[in-house]
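Peer 1: Numbering (the numbering used here), first residue to last: 30 to 421.
A virtual CB, placed ideally from N, CA and C, is assigned to each residue, including glycine.
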Ligand SMILES: *Cc1c(COP(=O)(O)O)cnc(C)c1O
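#1: Cβ atoms of residue 127 and residue 163: under 9 Å apart, would you say?
#2: Is residue 109 helix, strand or coil by DSSP?
#3: Pairing CB atoms from the stretch 383-400 with CB atoms from the stretch 363-370, are three or more of them under 8 Å?
#4: Quick check on DSSP: helix, strand or coil for residue 255?
#5: Report the CB separation of residue 153 from residue 209 in whole angstroms; it is logged as a contact under 8 Å.
#6: Beta carbon of residue 101: closer than 8 Å to some heavy atom of ligand 1?
#7: When we look at the beta-carbon of residue 82 and count the other beta-carbons within 10 Å, is it buried (16 or more) or exposed?
#8: Is the beta carbon of residue 234 within less than 8 Å of some heavy atom of ligand 1?
#9: Since I believe residue 146 is in contact with residue 89 (beta carbons under 8 Å), could you give me their beta-carbon distance rounded to a whole number of angstroms?
#10: Could you check whether the Cβ of residue 214 sits closer than 8 Å to any heavy atom belonging to ligand 1?
#11: Going by C-alpha distance, which of 53, 63, 45 and 67 is nearest residue 38?
#12: Could you tell me which residues DSSP pairs with residue 200 in its beta bridges?
#13: For residue 86 and residue 299, what's the separation of their Cα atoms in angstroms?
#14: Please work out which residues of its chain come closer than 6 Å, Cβ to Cβ, to residue 180, disregarding the five sequence neighbours upstream and downstream, and give them in chain order.
#15: Using CA atoms only, rank isn't needed, just tell me which of 115, 70, 301 and 274 is closest to residue 41.
#16: Go ahead and pull the three-state DSSP assignment for residue 151.
#17: Excluding the 5 residues preceding and the 5 following residue 35 in the sequence, name in chain order all residues of the same chain whose CB lies nearer than 6 Å to its CB.
#18: Going by DSSP, what residues sit across from residue 429 in a beta bridge?
#19: I'd like the span of the beta strand (DSSP E) that includes residue 358, first residue to last.
#20: Tell me whether the beta-carbon of residue 178 lies closer than 9 Å to the beta-carbon of residue 155.
#21: Report the residue from 383, 357, 322 and 384 whose alpha carbon sits nearest the alpha carbon of residue 59.
#22: With hydrogens ignored, establish whether the beta-carbon of residue 323 is closer than 8 Å to any heavy atom of ligand 1.
#23: Take every Cβ of the stretch 282-294, pair it with every Cβ of the stretch 246-260, and state whether three or more of those distances are shorter than 8 Å.
#24: Residue 389 lies in the beta strand (DSSP E); which residues open and close that run?
#25: Determine, using beta carbons only, whether residue 266 and residue 294 come nearer to each other than 9 Å.
#26: State the DSSP-derived secondary structure class of residue 399, mapped to helix, strand or coil.
#27: Find the nearest neighbour of residue 405 within the set 388, 263, 341 and 346, judged by alpha-carbon distance.
#28: Would you report the Cα separation of residue 182 and residue 314, rounded to the nearest angstrom?
#29: In angstroms, rounded to a whole number, what distance separates the CA positions of residue 330 and residue 65?
#30: Confirm, please, whether the CB-CB distance from residue 140 to residue 232 is below 9 Å.
#31: Just to check, is the beta-carbon of residue 172 closer than 8 Å to a non-hydrogen atom of ligand 1?
#32: Using the Cβ count rule (16 or more neighbours within 10 Å means buried), how would you classify residue 130?
#33: Given the structure, does residue 153 come close to ligand 1, in the sense that its CB is under 8 Å from one of the ligand's heavy atoms?
#34: Would you give the residue range spanned by the beta strand (DSSP E) that residue 291 belongs to?
#35: Would you list the residues sitting across from residue 394 in a DSSP beta bridge?
#36: In this structure, how does DSSP classify residue 231 when only helix, strand and coil are distinguished?
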């Protein structure tokens with residue numbers, strides 16, 4: 030297999046090198062407050078069949094990956110939910126089971142390997158919380174130095190995680206978008222590899238592994254995949270994985286993907302309908318998908334349109350309800366951005382055939398943000414002093 034970069038906008042082709050992150054020609058047209066211009070996509074050329082080894086479809090050799098068990102996450106068959114909804118072929122992909130408990134490990138894993146291969150030991154990024162704690166953990170296993178910029182509202186558990194892994198953590202006086210700008214300036218001035226989502230092409234490429242795994246686990250492609258969307262990097266990555274399998278002739282068809290956004294952070298949804306991105310301040314309980322300007326927005330939008338994908342929105346109330354519903358009926362406690370996909374399925378289920386093979390992506394562990402999870406449950410009231418008090 031050979032690999033190079035192709036610009037997702039102008040189609041120009043480049044060799045893969047660590048100092049090239051976006052298409053230089055298209056990046057010149059970058060407009061402020063708009064998604065990244067000139068996102069580069071890894072292009073694979075070669076042959077493989079359905080018994081492929083996942084690492085053979087990645088642009089960095091296996092020997093450079095850190096010793097972290099990323100991916101191969103469990104595919105749940107939630108019996109109670111199947112019975113209740115009538116969807117007999119419904120699965121939940123639990124990416125909260127990754128080493129740092131979120132989907133982001135798929136990107137960090139490949140970025141870490143890419144840096145190692147190129148002799149780079151410092152990695153810099155902005156994050157709402159999960160990308161940072163992920164890069165910190167995967168980087169720790171690789172012996173790399175990680176510097177993170179976070180919004181001041183990031184859930185404490187995610188910050189503590191990053192600190193535990195030994196990362197350098199900076200809170201910025203503002204939101205994720207400001208953290209993004211700061212991290213760009215920092216890596217420009219201080220050096221190191223920047224792992225910002227979509228900006229580093231390996232983030233999209235790493236995230237494609239979930240599609241390859243789904244094919245391996247199911248022996249076929251799903252009919253529908255539900256994924257929550259903020260920056261659109263996971264959404265783009267899922268499409269990329271299925272596109273690669275199709276290009277190799279391993280699958281014939283790409284699933285219908287439902288991108289699910291929070292009503293309070295719906296930039297991609299709006300762009301899908303209006304054709305342009307507008308910057309409106311965002312707010313949602315699902316912190317991992319709270320972004321003003323979706324960095325991978327142009328790329329993700331193009332994929333959605335090309336493949337007939339759908340995009341829907343759910344309210345914060347629906348996200349919180351979906352979180353406790355999934356916990357109580359499947360035994361799967363996912364963070365709000367994870368349960369957003371489940372809320373999206375509940376909203377769209379009426380449009381789908383009951384026989385369809387449906388995969389819901391649960392993208393992060395519920396313990397990452399207990400403050401929000403608390404909104405969906407009632408803490409026990411006063412402490413009891415005897416069993417009589419509850420058994421009478
Ligand atoms: C980052 C993240 C998402 C959304 O991914 P994008 O690439 O930003 O669209 C969803 N869920 C969780 C838990 C995340 O950490």
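Peer 2: According to the structure data:
#1: Locating residue 163 in the chain shown gives position 134, counting from the first residue. Locating residue 127 in the chain shown gives position 98, counting from the first residue. A contact, by the Cβ cut-off of 9 Å.
#2: What you label residue 109 is simply residue 80 of the chain shown in a count that begins at 1. Note: residue 109 maps to helix in three-state DSSP.
#3: At 8 Å Cβ cutoff, the stretches touch.
#4: Against the chain shown, residue 255 aligns to sequence position 226. DSSP places residue 255 in strand when its eight states are reduced to three.
#5: On the chain shown, position 124 is the one that residue 153 refers to. On the chain shown, position 180 is the one that residue 209 refers to. That pair is no contact at about 11 Å.
#6: As a working note, residue 101 is residue 72 in the chain shown. No, the beta carbon of residue 101 sits no closer than 8 Å to any heavy atom of ligand 1.
#7: Position 53 of the chain shown holds residue 82. That one is exposed.
#8: Taking the first residue of the chain shown as 1, we reach residue 234 at position 205. Checking the Cβ of residue 234 against ligand 1 gives no.
#9: Along the chain shown, one-based indexing puts residue 89 at 60. Along the chain shown, one-based indexing puts residue 146 at 117. Yes, they are in contact, since the Cβ atoms of residue 89 and residue 146 sit about 5 Å apart, within 8 Å.
#10: What you label residue 214 is simply residue 185 of the chain shown in a count that begins at 1. Set against 8 Å, the gap from the CB of residue 214 to the closest heavy atom of ligand 1 is not smaller.
#11: Within the chain shown, numbered from 1, the residue matching residue 38 stands at position 9. Residue 38 has its Cα closest to that of 67, out of 53, 63, 45 and 67.
#12: Here residue 200 corresponds to residue number 171 of the chain shown, with the count starting at 1. Beta-bridge annotation (DSSP): residue 200 is paired with 179.
#13: Counting from 1 along the chain shown, the entry for residue 86 is found at position 57. Counting from 1 along the chain shown, the entry for residue 299 is found at position 270. Between residue 86 and residue 299, the C-alpha separation is close to 34 Å.
#14: Counted from its first residue, the chain shown places residue 180 at position 151. Excluding residues within five positions, the ones whose Cβ falls inside 6 Å are 204, 205 and 208.
#15: For the purposes of this step, residue 41 is identified with residue 12 of the chain shown, where counting begins at 1. Cα-wise, what sits closest to residue 41 is 70.
#16: On the chain shown, position 122 is the one that residue 151 refers to. Of the three classes helix, strand and coil, the one that applies to residue 151 here is strand, per DSSP.
#17: For the purposes of this step, residue 35 is taken as the residue at position 6 of the chain shown. Correct list, in chain order: 42, 70 and 72.
#18: This structure cannot speak to residue 429, because the chain is shown only from 30 to 421.
#19: Position 329 of the chain shown, counting from 1, holds the residue named residue 358. Not the beta strand (DSSP E): residue 358 falls in the alpha helix (DSSP H), residues 345-359.
#20: Position 149 of the chain shown, counting from 1, holds the residue named residue 178. Position 126 of the chain shown, counting from 1, holds the residue named residue 155. Residue 155 is positioned such that its CB atom lies closer than 9 Å to that of residue 178.
#21: Residue mapping note: residue 59 aligns to position 30 of the chain shown, counting from 1. Cα-wise, what sits closest to residue 59 is 322.
#22: Position 294 of the chain shown, counted from the start, is the residue given in the question as residue 323. Because some heavy atom of ligand 1 lies under 8 Å away, the Cβ of residue 323 counts as near it: yes.
#23: Counting Cβ pairs under 8 Å, three or more are found: they touch.
#24: Within the chain shown, the letter at position 360 stands for residue 389. Run containing residue 389: 387-391, per the beta strand (DSSP E) assignment.
#25: Walking along the chain shown from the start, residue 266 turns up at place 237. Walking along the chain shown from the start, residue 294 turns up at place 265. Not a contact, by the Cβ cut-off of 9 Å.
#26: Start at 1 with the first residue of the chain shown, and residue 399 comes out as number 370. Helix at residue 399.
#27: Taking the first residue of the chain shown as position 1, residue 405 is located at position 376. Minimum Cα distance to residue 405 is reached at 346.
#28: Within the chain shown, the letter at position 153 stands for residue 182. Within the chain shown, the letter at position 285 stands for residue 314. Taking the straight line from one Cα to the other gives about 11 Å.
#29: Along the chain shown, read from residue 1 onward, the residue named residue 330 stands at position 301. Along the chain shown, read from residue 1 onward, the residue named residue 65 stands at position 36. If you take the alpha carbons of residue 330 and residue 65, they lie about 12 Å apart.
#30: Within the chain shown, residue 232 is the residue found at index 203, counting from 1. Within the chain shown, residue 140 is the residue found at index 111, counting from 1. One thing to note: residue 232 has its Cβ within 9 Å of the Cβ of residue 140.
#31: By 1-based counting over the chain shown, the position of residue 172 is 143. Remark: the C-beta of residue 172 is outside contact range of ligand 1, defined as less than 8 Å to any heavy atom.
#32: Mapped onto the chain shown, residue 130 falls at position 101. Classification for residue 130: buried.
#33: By 1-based counting over the chain shown, the position of residue 153 is 124. Between ligand 1 and residue 153, a heavy atom-to-CB distance of less than 8 Å is absent.
#34: On the chain shown, residue 291 is found 262 positions in, with the first residue counted as 1. Residue 291 -> beta strand (DSSP E) spans 285-291.
#35: Locating residue 394 in the chain shown gives position 365, where the first residue counts as 1. Answer is 363, bridged to residue 394.
#36: For the purposes of this step, residue 231 is taken as the residue at position 202 of the chain shown. Reduced to three states, the DSSP call for residue 231 is helix.
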